[in-house]
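Residue numbers (our numbering), protein chains in the order written: chain A, 3 to 245; chain B, 131 to 219.
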Amino acid sequence: MKVKTLYFVPAALLVFAVGLATAQEMTKDQWQQEITKYTSMLDSLRARVKTLDADITSMGTKSSQLDADYEKCMNELYALVGSDAAKAAAYRSDIESAENKANELSRLSDADLVERSGEVDDLAAKVKSLWDNKLSLIPEFWDRLTALNEKVKGLQATLANQVKMYTVGTWARNRDCLWNIAKKKDIYSNAWLWPKIWQGNRDQIKDPDVIHTGQKLKIPKGSELNAEEKSAAKKYYARKAGK
Amino acid sequence: MQKKNGTAIVLVLAFLVCSSFALMSCSSSPDEAQMKQLNDLKSEVTSLQNDAAAKEQQLGNLQKEVADKNAKLKKCADDQAIVKQRLAK
Numbered sequence: 003m004k005v006k007t008l009y010f011v012p013a014a015l016l017v018f019a020v021g022l023a024t025a026q027e028m029t030k031d032q033w034q035q036e037i038t039k040y041t042s043m044l045d046s047l048r049a050r051v052k053t054l055d056a057d058i059t060s061m062g063t064k065s066s067q068l069d070a071d072y073e074k075c076m077n078e079l080y081a082l083v084g085s086d087a088a089k090a091a092a093y094r095s096d097i098e099s100a101e102n103k104a105n106e107l108s109r110l111s112d113a114d115l116v117e118r119s120g121e122v123d124d125l126a127a128k129v130k131s132l133w134d135n136k137l138s139l140i141p142e143f144w145d146r147l148t149a150l151n152e153k154v155k156g157l158q159a160t161l162a163n164q165v166k167m168y169t170v171g172t173w174a175r176n177r178d179c180l181w182n183i184a185k186k187k188d189i190y191s192n193a194w195l196w197p198k199i200w201q202g203n204r205d206q207i208k209d210p211d212v213i214h215t216g217q218k219l220k221i222p223k224g225s226e227l228n229a230e231e232k233s234a235a236k237k238y239y240a241r242k243a244g245k
Numbered sequence: 131m132q133k134k135n136g137t138a139i140v141l142v143l144a145f146l147v148c149s150s151f152a153l154m155s156c157s158s159s160p161d162e163a164q165m166k167q168l169n170d171l172k173s174e175v176t177s178l179q180n181d182a183a184a185k186e187q188q189l190g191n192l193q194k195e196v197a198d199k200n201a202k203l204k205k206c207a208d209d210q211a212i213v214k215q216r217l218a219k
């Protein structure tokens with residue numbers, strides 16, 4: 003009896019376990035419910051995708067139309083000022099060059115800026131010519147030119163505050179004497195102001211008739227001789243006349 | 131006493147075996163082809179869900195693009211008005 007029970011117990015348990023496992027698989031009813039559910043989901047999704055495709059096509063068409071409308075509007079804008087897209091592109095490029103030059107000059111030290119003061123003058127002239135173009139009336143360019151104007155004014159203000167320097171060249175090549183130096187366009191454009199240079203550099207120039215190559219002369223600001231400079235000039239001419 | 135215990139054990143085991151057979155006979159399952167049909171359906175639904183999500187994203191991008199272009203077009207029209215004012219001065 004004990005031996006028979008020993009074999010019968012595990013066999014019976016095994017059969018019970020298989021029965022239980024089989025009972026947990028999907029039934030036909032459950033399968034049918036799943037089929038119905040997923041079929042419905044599929045139909046909804048197909049309808050949704052169809053709607054999305056239509057919306058995408060419509061948006062794409064709208065986007066293309068807007069491109070055409072924008073191009074037309076811009077051409078009309080340029081035509082208002084007697085220009086066109088190609089000229090506007092070239093003008094835009096000119097402004098960008100001027101902006102780059104302004105930025106480059108802004109990064110210089112004050113001493114270097116004085117050395118390159120001619121470039122500041124050129125930049126100011128360039129900005130003026132850009133303003134003279136009717137394309138400057140377009141807000142895109144107007145705003146950029148306004149900002150550029152401010153930068154140029156800043157550079158010019160910096161220069162105005164600096165003491166200009168001039169390095170004496172040779173007589174043979176540059177004909178540099180105080181008279182000719184004062185006559186230069188970027189100095190005083192007026193030879194009669196030579197005493198300003200003399201008086202501003204008394205530590206270097208004992209005799210105004212004698213200057214040396216390589217001397218770095220300060221060029222004082224002003225467009226007229228002050229009292230001291232006039233007096234020095236008078237004495238010089240008197241001494242010359244006396245000789 | 132030993133005889134009574136043995137009988138009890140046999141009765142319990144017999145019950146287990148009978149109930150197993152009862153459980154097995156009560157449930158009928160879908161066949162292999164039917165399960166494949168269901169799995170294919172599930173795959174198709176997943177695929178369409180992904181497709182729909184991608185198209186939603188695409189539509190969203192297009193809507194933003196159209197909004198940006200509308201803004202640019204409005205600015206162009208405003209610029210025309212400004213230039214006309216400046217020309218009139």
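Note that the Cβ used here is the ideal one computed from N, Cα and C, for glycine as well.
Since we're looking at a predicted model, the values are computed, not measured.
Endpoints, the beta strand (DSSP E) within which A:L227 is located: Annotation for A:L227: no beta strand (DSSP E) segment contains it, and DSSP assigns it neither H nor E.
Indicate the three-state DSSP secondary structure (helix, strand or coil) for A:L110 in the structure shown. It is coil, neither helix nor strand.
Using a Cβ cut-off of 9 Å, pull out every chain B residue sitting near A:T29, in sequence order please. The answer, in chain order, is S157, S158, S159 and P160.
Taking C-beta to C-beta, are A:I58 and B:L178 nearer than 8 Å? With a cutoff of 8 Å on beta-carbon distance, A:I58 and B:L178 are scored as not near each other.
So, are the CB atoms of A:A2 and A:V154 less than 8 Å apart? Nothing about residue 2 of chain A can be reported from this structure: the residues present for chain A run from 3 to 245 only.
State the beta-bridge partners of A:M167 as determined by DSSP. Bridge partners of A:M167 according to DSSP: A:K220.
N-terminal and C-terminal residue of the alpha helix (DSSP H) that A:A68 is part of: Reading the sequence as shown, one finds Leu at residue 68 of chain A and not Ala. In the DSSP annotation of this structure, the continuous segment of the alpha helix (DSSP H) that includes A:L68 starts and ends at K30 to L82.
What residues of chain B sit near A:G62, judged by a beta carbon separation below 8 Å? L192, listed in chain order.
Element boundaries [alpha helix (DSSP H), containing B:Q215]: Counting along the chain, B:Q215 sits inside the alpha helix (DSSP H) bounded by residues E162 to A218.
So with CB distances below 9 Å, who are the chain A contacts of B:L217? For B:L217, the chain A residues whose Cβ falls inside 9 Å of its Cβ are L82, V83, K136 and L139, in order along the chain.
Cβ of A:A50 less than 8 Å from any chain B Cβ? Reading off the sequence shown, one finds Arg at residue 50 of chain A, where the question assumed Ala. Interface criterion met: the Cβ of A:R50 is under 8 Å from a Cβ in chain B.
By alpha-carbon positions, which one of A:D178, A:S225, A:L115 and A:G202 ends up nearest to A:E234? Per the sequence presented here, residue 234 of chain A reads as Ala, with Glu not at that position. Distances from the alpha-carbon of A:A234 to those of A:D178, A:S225, A:L115 and A:G202 put A:G202 closest.
Residue-chain proximity (B:A138, chain A), Cβ-Cβ < 8 Å: At a cut-off of 8 Å between C-beta atoms, B:A138 does not count as an interface residue with respect to chain A.
Chain B beta carbons: is any one of them nearer than 8 Å to that of A:W133? No, A:W133 does not count as interfacial toward chain B.
How would you write the range of the alpha helix (DSSP H) that A:W133 sits in, first residue to last? A:W133 -> alpha helix (DSSP H) spans S119 to D134.
DSSP-derived helix/strand/coil call for A:D209: In this structure, A:D209 counts as coil in the three-state DSSP scheme.
Using three-state DSSP, classify A:S233 as helix, strand or coil. In this structure, A:S233 counts as helix in the three-state DSSP scheme.
Does the CB of A:T246 have a neighbour CB from chain B at under 8 Å? For residue 246 of chain A there is no data in the structure shown, the boundaries of chain A being 3 and 245.
May I ask you to report which of helix, strand or coil DSSP gives A:K153? Per DSSP, reduced to three states, the secondary structure at A:K153 is helical.
Within 8 Å (strictly less), CB to CB, does A:D145 reach chain B? For A:D145, no CB of chain B lies under 8 Å from its own CB, so it is not counted at the interface with that chain.
Coarse secondary structure for A:K198, derived from DSSP in three states: Of the three classes helix, strand and coil, the one that applies to A:K198 here is helix, per DSSP.
Within 10 Å of its beta-carbon, does B:C156 have 16 or more other beta-carbons around it, so buried, or fewer, so exposed? Unreliable placement is indicated for B:C156, whose pLDDT of 49 sits below 50; the coordinate value is still reported in the next sentence. By the C-beta density criterion, B:C156 is exposed, having fewer than 16 other C-beta atoms within 10 angstroms.
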